[in-house]
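Enquirer:
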Amino acid sequence: MESFINTELSSRKSLNDSDYILQVEELNAFYGSFRAVKNVNMSIPARAVTAIIGPSGCGKSTLLRCFNRMHEVAHGARVEGRVMFDDNNIYATGTDPVRIRCHIGMVFQKPNPFPTMSVLDNVVAGRRLSSLWTKRSEMEELAEKCLRQAALWDEVKDKLKQSGASLSGGQQQRLCIARALAVQPEIILMDEPCSALDPIATLKIEDLMRTLTEEYTIVVVTHNMQQAGRVSDMTAFMLMSDDRAGELVEYDTTQRVFTNPKDKRTEDYITGRFG
Amino acid sequence: MAKHALLPRKMINFFMLGLCALGAGAAILVVCLMLGYIMVQGLSFINLDFIISPSVGPGQQGGGMRDEIIGTLVLVGLGSLIAVPLGMLTGVFLSEFGSPRVASAVRFAADVLAGVPSIVIGVFAYIVIVSPMKSYSAFSAGIALAIIMVPVVARTTEESMRLVPLSLREAALALGITRWRSVIFVAIPGALTGIVAGIMLGVARIAGETAPLLFTALGSNFPFDDLMRPISALPLQIYRYAMSPDGNWQEQAWAGAFLLVMLVLVISLVVRWMSRKRRT
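Protein chains in written order, with this note's numbering: chain A, 44 to 318; chain B, 1354 to 1633.
1. Just verifying my parser: in three-state terms, what is the DSSP assignment at B/T1563?
2. Touch check for the segment 1553-1561 of chain B and the segment 182-192 of chain A: three-plus C-beta pairs under 8 Å?
3. By Cβ distance, which residues of its chain are closer than 8 Å to B/F1577, with the 5 residues on each side in sequence left out?
4. If you follow the beta strand (DSSP E) that A/M182 is in, where does it begin and where does it stop?
5. Excluding sequence positions up to five away, which residues of its chain have a Cβ less than 7 Å from the Cβ of A/P304?
6. Can you list, in chain order, the residues of its chain with a C-beta nearer than 6 Å to that of A/S53? Leave out the 5 residues immediately preceding and following it.
7. From the DSSP output, in three-state form, read off B/E1523 for me.
8. Given B/E1562, which residues of its chain have a CB within under 7 Å of its CB, disregarding the five upstream and five downstream residues?
9. Give a yes or no on whether the minimum CB-CB distance between B/F1538 and chain A is below 8 Å.
10. Quick one: give me the first and last residue of the beta strand (DSSP E) that A/P88 is part of.
11. Mind reading off the beta-carbon distance from B/I1620 to B/A1544? Whole number of angstroms is fine, and I expect it under 8 Å.
12. If we count Cβ pairs, one from each stretch, closer than 8 Å, do we get three or more for the segment 115-123 of chain A versus the segment 1367-1376 of chain B?
13. Below 8 Å on the Cβ atoms is my guess for A/Q216 versus A/L232; work out the distance and round it to an integer in Å.
14. Of all the residues that make up the segment 209-234 of chain A, which are near chain B by a beta-carbon distance shorter than 9 Å?
15. If you reduce the DSSP assignment to three classes, tell me which class A/V126 lands in.
16. Taking only the alpha-carbon atoms, compute the straight-line gap between B/G1416 and B/R1625 and give it to the nearest angstrom.
17. Can you grab the Cα-Cα spacing for the pair A/V150 / B/C1385, in whole Å?
18. Taking the continuous alpha helix (DSSP H) assigned at B/I1423, which residues delimit it?
19. For A/Q227 and A/T256, what's the separation of their Cα atoms in angstroms?
20. At which residues does the alpha helix (DSSP H) containing A/A168 begin and terminate?
21. Applying a beta-carbon distance threshold of less than 8 Å, which residues of chain A neighbour B/R1534?
22. Along chain B, which residues have their Cβ under 8 Å away from the Cβ of A/G169?
23. Can a CB atom of chain B be found closer than 8 Å to the CB of A/F47?
24. What in chain A is Cβ-close to B/L1580, meaning under 8 Å?
25. Does the distance from the C-beta atom of B/S1535 to that of B/A1525 stay below 8 Å?
26. Based on DSSP bridge pairs, tell me the residues matched to A/R121.
27. Quick check on the burial criterion: 16 or more other C-beta atoms within 10 angstroms. Buried or exposed for A/V67?
28. When the Cα atoms are used, what is the spatial distance from A/P98 to A/Y134?
29. Roughly how many angstroms separate the alpha carbons of B/L1613 and B/I1482, rounded to a whole number?
30. Return helix, strand or coil for A/T245, following the three-state DSSP convention.
31. Using a Cβ-Cβ cut-off of 6 Å (strictly less than) and excluding sequence neighbours within five positions of B/A1494, which residues of its own chain qualify?
32. Quick one: measure Cβ to Cβ for B/T1443 and B/A1463, integer angstroms, because I've assumed they're closer than 8 Å.
33. Check for me: the beta strand (DSSP E) holding A/V263 runs from which residue to which?
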């Protein structure tokens, strides 16, 4: 399916059906009786960046949180529909959400390193806190590897013992990315990872997203259209429908969504007529 | 703009500010007077002998409150030993695991318990423990003090656990960490200074309790040796000595009161210092 490549952003391998790592089918997300996300169907390609854009309150964060079962953490929240990951429905009965989250990690809007832990302990927290015993040298190796992947190693290699909260905002966010990488997930969900950061820190994170696609699949929620245009291969546009539930209006390659959208509403949003 | 309307507003502002200052001043004045009086009186009677020697009979000179100090330490220790784990577990349950309905019922129960007059708790301990065991005891006093302390620890634990941001719990969950592990390794460490502050406030509270001890510890003229026997304690002895006509005993009551107030004061200061450190 040659058409799925975003030639403008990156000239990379072509995709076929088996390259989809996450398949979302008829997904509905609720908070109590309120439906926040309505009938979403989308397939997310592996080792690519998929961006979810849309105005505030359109349910894009909620949708993202459905992908690793973080949605149900909120009280009264539930999900209907299916999310297929490696041919398994992550919402199948008996599936342990803790297991899912080991495979599908998440980075949040506001950098949230554990303030009681050092930089090093932050990175390996996922591993250390879910095993009974870990070897110190192994953890140090893992931390270095992940910090390098997150392009943070050179900046913090002398501060590994300091508190994670002592770093700058942009560094904290990359620390959170390193922390997510240390669990060795296949997919990393990012919920507006740059909205609390300045432009330079934002640029670093965006670069990082591109490099990470060599090994990982990234799904990023952003309300910054330029960001979606810069980093993503695929773009999903969401909008609040009349019953205030978020709908997927259009989902295509980023190039097409931005240059030749099929839906009038997408075009209006992209060209800045609302939102 | 109506410039004229500004003057009455300023006057009202000034008047209200004065009222607030008056209220604050009154509160501070009472504390200062009480602390000052106890310090002046207590400091003149307190000495090393007071801390290291046992009590003497009426009419005699010297002596101290060694056994009473030890007794209070034993009772506070015993109370804390029971109340800290129980209160902390209750607080963690309230903030982390209780469904809203159950949690609000438990919270209400804790608040009611915190409001029960301590003498009632003393009578309760008397009926439930002292009476069946046919003996006043340090053990029963420890239980009574623990009952007073549990709601204090439980509620402060809950409050400080709630202050741990949701974002940190979510961060832990998103790393594939189980709920209970995230509570133990992320939420509780984050709330630890608050929890310790709560424990210390609880200790300060029970250290000065007298009423429940009347029904449980009873008081004793002998050094502490058995948890199942009556035990003496600082507040009890202060009460006894202050009521007596003996001059030496009255002086010692002042010294005892001073010691007790200093204990509570120091604990309060440490708690303040800790919570300030936490905020920064």
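All C-beta atoms in this analysis are idealised placements derived from N, C-alpha and C, irrespective of residue type, glycine included.
Expert: Taking the coordinates as given:
1. In this structure, B/T1563 counts as coil in the three-state DSSP scheme.
2. No, the segment 1553-1561 of chain B does not touch the segment 182-192 of chain A.
3. Once the five neighbours on either side are set aside, the close Cβ partners of B/F1577 are D1420, I1423, G1424, V1427, A1491, I1584, S1585.
4. Not the beta strand (DSSP E): A/M182 falls in the alpha helix (DSSP H), residues 179-192.
5. Excluding sequence neighbours, A/P304 sits near E293, E310, I313.
6. Reliability of the predicted coordinates at A/S53 is poor, the pLDDT of 44 falling under 50, and the value obtained from them is presented with this limitation in mind. Around A/S53: no qualifying Cβ.
7. In the structure shown, B/E1523 adopts helical secondary structure according to DSSP, grouped into three states.
8. These residues qualify, in order along the chain: S1471, L1498, I1501, P1588.
9. True, the Cβ-Cβ gap to chain A drops below 8 Å.
10. That run of the beta strand (DSSP E) goes 77-88.
11. Rounded to the nearest angstrom, the Cβ distance from B/I1620 to B/A1544 is 19 Å, too far for a contact under 8 Å.
12. The answer is no - the segment 1367-1376 of chain B does not touch the segment 115-123 of chain A, with fewer than three Cβ pairs under 8 Å.
13. Taking a contact as a CB-CB distance under 8 Å, the pair A/Q216 and A/L232 does not count as one, their CB atoms being some 14 Å apart.
14. Within the segment 209-234 of chain A, C219, R222, A223, A225, V226, P228, L232 place their CB atoms closer than 9 Å to a CB of chain B, listed in sequence order.
15. Three-state DSSP puts A/V126 in a strand.
16. Rounded to the nearest angstrom, the gap between the Cα atoms of B/G1416 and B/R1625 is 35 Å.
17. Those two C-alpha atoms are separated by around 52 Å.
18. Taken as a continuous stretch (DSSP letters only), the alpha helix (DSSP H) holding B/I1423 covers 1419-1445.
19. Rounded to the nearest angstrom, the two C-alpha atoms are 14 Å apart.
20. Per DSSP, A/A168 belongs to the alpha helix (DSSP H) from 168-172.
21. L172, S173, listed in chain order.
22. For A/G169, the C-beta contacts it makes with chain B under 8 Å involve L1528, G1529, I1530, in order along the chain.
23. For A/F47, the predicted structure reports a pLDDT of 38, less than 50, and the residue's modelled location is therefore unreliable. The matter cannot be settled from this model.
24. Here the premise fails: no neighbours, minimum Cβ distance about 37 Å.
25. Between B/S1535 and B/A1525, the gap from beta carbon to beta carbon is short of 8 Å.
26. Looking at the DSSP assignment, A/R121 forms a beta bridge with A/F73.
27. With a threshold of 16 other beta carbon atoms within 10 Å, A/V67 meets it and is buried.
28. Cα to Cα, the separation comes out at about 28 Å.
29. Going from the Cα of B/L1613 to the Cα of B/I1482 covers about 27 Å.
30. In the three-state reduction of the DSSP assignment, A/T245 falls in the helix class, which pools H, G and I.
31. Excluding sequence neighbours, B/A1494 sits near L1428, L1566, T1569, A1570.
32. The pair is a contact, with the Cβ atoms about 7 Å apart (cut-off 8 Å).
33. Here the beta strand (DSSP E) through A/V263 covers 260-264.
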